[in-house]
Each structure stands twice: as C-alpha cells, then as structure tokens.
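2 protein chains.
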Amino acid sequence: MITEHAVLEVVPGREDAFVESMEQAKALIAASPGFVSLRVERCVERPSRFLLLVEWDRLEDHTEGFRGSAAYDDWRAALHHFYDPFPVVEHFETVVTA
Amino acid sequence: MITEHAVLEVVPGREDAFVESMEQAKALIAASPGFVSLRVERCVERPSRFLLLVEWDRLEDHTEGFRGSAAYDDWRAALHHFYDPFPVVEHFETVVTA
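Shown next, in the form of structure tokens:
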C-alpha cells in the first residue's frame, strides 16, 4: 500500500469553501480503481494549512490511473484553485508501526 | 483525536540506522498516556525523507504529557541526531474522510 501525502496551503479566508468542495469532490477520487482511503486534516497551529493523506493499493493507481482519468479533470477544477502555493505531492510506504 | 505530523529529513546514509532506532524507541512513545498509534513511512521519491504520524487522544497528551516525560529524554537521545534540519512538528484534526 502507498500513501499519497501533501500539505495543502489554502488561501486564507477560503478554508470553509475548500472543505465543502472537498466533501463534494471526494467521490471522484474514491471511485478510482485502487483507492483505499482519504483523510483531510486541518492544522491546529495554522488553520489555513491542511494535510491530505490518500491510501492507494499501488503507486500507479494514483500516478497513472487517477491522474490519467477524466475524473481528475473534475477534481482539479474543483480544488486546485484553493491552493497557494501549489502543493508538493509525494508518496510514502510504511516502515514502522505501533 | 489529534494527529501529530512531521516530515523527517534523515541524514543521507543513516536511513537504515534511523529505522532500526525508531523500532527500538517506539515503545517509549507507545507507553505514553493518550497514545493511539504511530506510523513512520518512507518517501518513494526521496528515500532520505520520512513521514511521522502519531495519533493522540488529546493535543496535551503529546505537548504536555509525552514531551514533559522522562521517556521523552530517551526518545530525543535515540532519534533527534538523525534529523537535518530539525523537523517542524504540527498537529492536525480530521475534517473530511472517504
């Protein structure tokens, strides 16, 4: 399993609209093959900062499958305008748990 | 529930030693009151980068309880020398799930 990770800097004042748009848009990503789970979390110390964690079966389910899909165009249109700067998206694999 | 989040930049060449030390040290944090879970993940794109995600019942379980404990001195001694630069640690609360 692979975790997609991004720290999202949302334009100040647009936080509530972002959360509402994410609630609508999450069905787009959740329907993509290989999708396992999504969590969006809000930062306590800096409330315009959010954390995106998406679990995928395989790296390619995100990088090729979802990003190459028509649904990704809708995801991008719904969400990307909230971010400034545009986030760095990376992938992680679990090495230690407790 | 609160997620403690940090991106850990480990000194290149010290990644395996870091993972081994984390395996040893995780019992220190797991025994702390309010601890829920820990995940350490390794970055696919940049293998010296790790993600630390610790779930706590309450913010204070981390910021006051664990950080104020004798166990934290041992945690710091076991792990902090692997990081360059020292990580930014922040806390998040879930707002959207799928």
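Top line first, the protein sequences correspond to chains A and R.
Start counting the first sequence at 1; every next residue gets the next number (our numbering).
Start counting the second sequence at 99; every next residue gets the next number (our numbering).
The beta carbon of each residue, even a glycine, is placed where N, CA and C say it ideally should be.
**For Val88(A) and Met120(R), the rounded distance between their alpha carbons** = 26 Å
**Asked** Using a beta-carbon distance cut-off of less than 7 Å, what residues from the segment 62 to 96 of chain A approach chain R?
**Response** Glu90, His91, Phe92, Glu93, Thr94, Val95 and Val96
**Asked** Of all Cβ atoms in chain A, is any one closer than 8 Å to the Cβ of Glu143(R)?
**Response** yes
**Prompt:** So who's on the other strand from His189(R), going by DSSP bridges?
**Reply:** Glu102(R)
**Message:** Just to make sure I have the definition right: I need the residues of chain A whose C-beta is within less than 8 Å of the C-beta of Glu121(R). Which are they?
**Reply:** Val96
**Asked** Looking at the structure shown, is Val44(A) part of a helix, part of a strand, or coil, going by DSSP?
**Response** coil
**Asked** Between the Cα of Asp16(A) and the Cα atoms of Ser48(A), Thr3(A) and Trp75(A), which residue gives the shortest distance?
**Response** Ser48(A)
**Item:** the segment 50 to 65 of chain A touching the segment 28 to 40 of chain A, judged by at least three CB pairs closer than 8 Å
**Value:** yes
**Asked** Counting contacts by CB-CB distance shorter than 8 Å, is Ser135(R) in contact with chain A?
**Response** yes
**Asked** Quick one: Cα of Glu9(A) to Cα of His189(R), how far?
**Response** 15 Å
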